[in-house]
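Visitor:
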Amino acid sequence: MKIEEMIAANRADCSGCGACANICPKNAIKMTRDAEGFAYPIIDPELCIKCGRCDMTCPALNYEAKTIDALPPTFVATYPNEKILRQSSSGAIFTALSEIILTNGGIVFGAGFDKNWHVRHMSAKNLDELKNLRGSKYVQSPIGDVYRQVQDALQSQPVLFTGVPCQCVGLKNFLGKDYDNLLTVDVICRGVPSPALWECYIDTLGYAHEITHVNFRTKRRGWGKRMDINFSDQEHKAERILNNLYGRLFLRNLSLRPSCSACKFRFPNGQSDLTIGDAWGIKDFAPEMFDSRGVSVVFIHTAKGEKFFEQAGLKKQQVSFADVVKRNTFYISPAIADSRRKEFFDDLAENNDWFAVMQKYYNQDDETNNKETDAKNAAAFKESFTNVTAQIRQNFEKNILVIFTPTNDNEQQIFVNFLERNFKNCGVYLLRPGKKFPMIFIENFSLLKFSLKKTDELTSFVKQYNISEIFVKLPLDFGKNSSMVNNWLKNCGLPAKTFDKK
Ligand SMILES: Cc1cc2nc3c(=O)[nH]c(=O)nc-3n(C[C@H](O)[C@H](O)[C@H](O)COP(=O)(O)OP(=O)(O)OC[C@H]3O[C@@H](n4cnc5c(N)ncnc54)[C@H](O)[C@@H]3O)c2cc1C
Ligand code: SF4
Ligand code: SF4
Ligand code: SF4
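Numbers given in our numbering equal positions in the sequence shown, counted from 1, plus 2.
1) Would you mind reading off the limits of the alpha helix (DSSP H) that contains residue 152?
2) Please tell me whether, using a cut-off of 7 Å, the distance from the CB of residue 169 to the nearest non-hydrogen atom of ligand 1 is below it.
3) Drop a sphere of 10 angstroms on the beta-carbon of residue 7, count the other beta-carbons inside from all chains shown, and report buried for 16 or more, exposed for fewer.
4) Looking at the structure shown, is residue 195 part of a helix, part of a strand, or coil, going by DSSP?
5) How many Å lie between residue 315 and residue 94 at the Cα?
6) What are the start and end residues of the alpha helix (DSSP H) that includes residue 249?
7) For residue 43, which residues does DSSP report across the bridge?
8) Using beta-carbon positions only, say whether residue 5 and residue 61 come within less than 8 Å of one another.
9) Where residue 172 and residue 21 are concerned, what is the direct C-alpha to C-alpha distance, given to the nearest angstrom?
10) Looking at the strands, I want to know which residues DSSP matches up with residue 323.
11) Rounding to the nearest angstrom, what Cα-Cα distance links residue 197 and residue 138 in this structure?
12) For ligand 2, which residues count as neighbours when the test is a C-beta closer than 7 Å to any heavy atom?
13) Looking only at its chain, what residues have a beta carbon closer than 8 Å to the beta carbon of residue 415, apart from the 5 residues adjacent to it on each side?
14) Beta carbon of residue 507, beta carbon of residue 190: below 8 Å?
15) How would you write the range of the alpha helix (DSSP H) that residue 269 sits in, first residue to last?
16) Could you give the residue range of the beta strand (DSSP E) that holds residue 239?
17) Using the rule of at least 16 other Cβ atoms within 10 Å of the residue's Cβ for burial, across every protein chain shown, is residue 336 buried or exposed?
18) Taking residue 2 as part of the beta strand (DSSP E), name the residues at either end of that continuous run.
19) If you follow the alpha helix (DSSP H) that residue 100 is part of, which residue opens it and which one closes it?
20) With a threshold of 7 Å on Cβ separation, who are the neighbours of residue 57 within its own chain once the five nearest residues in sequence on each side are excluded?
21) Flag this pair as touching only if the segment 99-111 and the segment 339-352 have three or more C-beta atom pairs under 8 Å; answer yes or no.
22) With DSSP as the reference, identify every bridge partner of residue 228, one or two as the case may be.
23) If you drop the 5 nearest sequence neighbours on each side, which residues of the same chain put their C-beta closer than 7 Å to that of residue 51?
24) Residue 79 by DSSP, collapsed to three states: which one?
25) Distance check for residue 251 and residue 381, CA to CA, integer angstroms please.
26) Hey, out of 55, 39 and 75, whose CA is closest to residue 301's CA?
27) Is there at least one non-hydrogen atom of ligand 4 closer than 7 Å to the beta-carbon of residue 335?
28) Ligand 1 heavy atoms versus the CB of residue 94: any closer than 7 Å?
29) Of all the CB atoms in chain D, is at least one closer than 8 Å to the CB of residue 25?
30) Report buried or exposed for residue 246, applying the criterion of at least 16 other Cβ atoms within 10 angstroms of its Cβ.
31) Around the Cβ of residue 202, are there at least 16 other Cβ atoms within 10 angstroms (buried) or fewer (exposed)?
32) Taking only three categories from DSSP, how would you classify residue 25?
33) Which of the three DSSP states, helix, strand or coil, is assigned to residue 171?
34) Given a cut-off of 8 Å on the beta-carbon distance, is the pair residue 109 and residue 97 in contact?
35) Residue 263 and residue 339: beta carbons closer than 8 Å?
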């Protein structure tokens with residue numbers, strides 16, 4: 003099937019990554035905006051020589067879902083640089099990584115503003131230019147000929163490419179081979195709104211007052227979801243993203259690209275070295291790492307990604323994959339479009355006054371509809387989560403369970419690292435003295451929380467996950483909890499081995 007046929011059959015297949023336009027040797031493909039304002043490839047038949055390179059490069063046409071054989075090591079982290087942290091949307095990991103590349107004579111690619119506050123992909127060759135790439139821009143960032151620029155730069159210098167997951171896959175398909183000097187970082191991606199909608203919004207504000215600064219994620223009141231727009235006449239528009247005309251349509255999934263609700267490039271189908279996002283809900287799973295100026299989550303996919311992550315001078319802590327994705331569902335599960343999406347874009351297509359249409363849907367924001375969308379998103383996440391856990395279990399050759407009681411967080415980390423290195427398929431039952439709920443991890447994937455008193459749950463866990471061996475490491479002074487654990491072990495009928503012998 004050809005890209006044009008694919009798009010005619012289902013527009014949602016095309017993410018607008020621009021790989022086809024970049025690869026075309028005759029520049030026969032123009033990424034052209036449709037009535038919704040999203041760009042799709044249009045081929046000029048006069049220029050096309052039918053070489054087929056666009057079809058061979060398209061990530062959607064050549065898509066093969068990956069199977070999960072291991073979960074990526076998952077960290078929460080911040081770049082301990084007060085100023086940069088405040089200017090970044092999350093924990094400033096993007097800047098920390100960029101600085102390594104730039105100080106080694108490299109170049110960084112990412113989404114920046116042009117002079118009209120429209121967004122597009124561009125490069126930064128030094129720390130000054132990097133400022134414009136810092137911070138999330140919640141709009142689709144046109145790639146232009148940036149993949150070609152990356153390829154050129156790779157001939158002579160280190161390159162960091164950042165973008166949404168479909169752009170990282172687009173770049174990899176375009177390049178067609180690995181480069182040692184290329185680091186790719188994608189962001190957790192809820193989805194991207196129409197660039198034409200953003201341009202209408204910001205241009206309309208700009209008619210009345212000259213705009214001097216836009217920040218989709220200001221930290222004026224700390225890390226959260228607030229937007230800032232500054233004007234030259236001292237006017238200042240600061241509000242929660244949900245209360246902003248453009249922002250609410252984004253967060254309600256009304257203005258997203260069709261491909262985003264059917265996204266093929268979330269975990270496990272991304273192709274970056276690292277994925278970065280917000281460590282939402284961190285107080286619930288790593289409270290000691292909370293920072294009111296922002297904290298990132300980082301998923302490590304490759305040895306190269308790990309090397310850069312280690313070099314970046316970050317404050318960091320390893321956490322459970324599941325603890326993160328349960329609070330940040332868009333890493334594994336797509337955003338379900340609001341049920342009014344089609345009506346909204348049809349209205350835009352029929353009206354010249356887009357600002358007025360945006361206001362109409364902003365004001366219509368009704369609770370019943372939101373609850374419905376929230377419920378659909380929760381159901382979609384549950385399905386993705388079940389799928390991920392099922393795949394992990396399928397790939398287990400042998401499941402073991404480790405019952406362990408760390409005396410502090412540091413010991414816990416050392417122990418979990420040790421297990422990860424030494425056991426391929428490892429369930430870890432962490433009993434934390436003084437904590438109400440110990441946790442079970444499978445390859446760092448926390449699945450269940452047990453009450454110390456529920457003997458039967460351990461037995462059913464052993465059956466459910468086909469556990470073949472149990473290793474125990476308890477402190478000597480575990481008191482009456484020791485006999486409780488001994489009772490569990492007796493009940494589930496598996497001999498307990500001491501951990502040290504393994
Ligand atoms: C459209 C979009 C949706 C997102 N959805 C989520 C989400 O659901 N959950 C979550 O945890 N995090 C999400 N993020 C990521 C998050 O907002 C931060 O960008 C990320 O945590 C990086 O933060 P930082 O502090 O390390 O660096 P920052 O300096 O804040 O981040 C800048 C980085 O984001 C990239 N970027 C910014 N805008 C765009 C864009 N429009 N297209 C492509 N790349 C862009 C830049 O190239 C740069 O790499 C989203 C980001 C975008 C752009
Ligand atoms: S077939 Fe070849 S020349 Fe034609 S649009 Fe595709 S890449 Fe360009
Ligand atoms: S390469 Fe990207 S932009 Fe081109 S058709 Fe495929 S998905 Fe769409
Ligand atoms: S949700 Fe998927 S298709 Fe949409 S921008 Fe993000 S990575 Fe691309």
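Every residue, glycine too, gets a C-beta built ideally from N, C-alpha and C.
Keep in mind the model is a prediction, meaning the values are calculated, not measured.
Guide: Based on what the coordinates show:
1) 148-156
2) yes
3) exposed
4) strand
5) 11 Å
6) 247-253
7) 33
8) no
9) 5 Å
10) None, per the DSSP bridge assignment.
11) 14 Å
12) 22, 25, 26, 27, 28, 30, 31, 45, 49, 50, 51, 52, 53, 54, 55, 56 and 57
13) 319 and 320
14) Because the chain here runs from 3 to 504, residue 507 falls outside it and cannot be looked at.
15) Looking at the DSSP string, residue 269 is not in any alpha helix (DSSP H), and its letter there is neither H nor E.
16) 238-242
17) buried
18) Nothing can be reported for residue 2: it is not among the residues displayed for the chain, which extend from 3 to 504.
19) 95-105
20) 4, 5 and 63
21) no
22) 242
23) 28
24) strand
25) 21 Å
26) 75
27) no
28) yes
29) Absent from the structure: chain D. Only one protein chain is present.
30) buried
31) buried
32) helix
33) helix
34) no
35) yes
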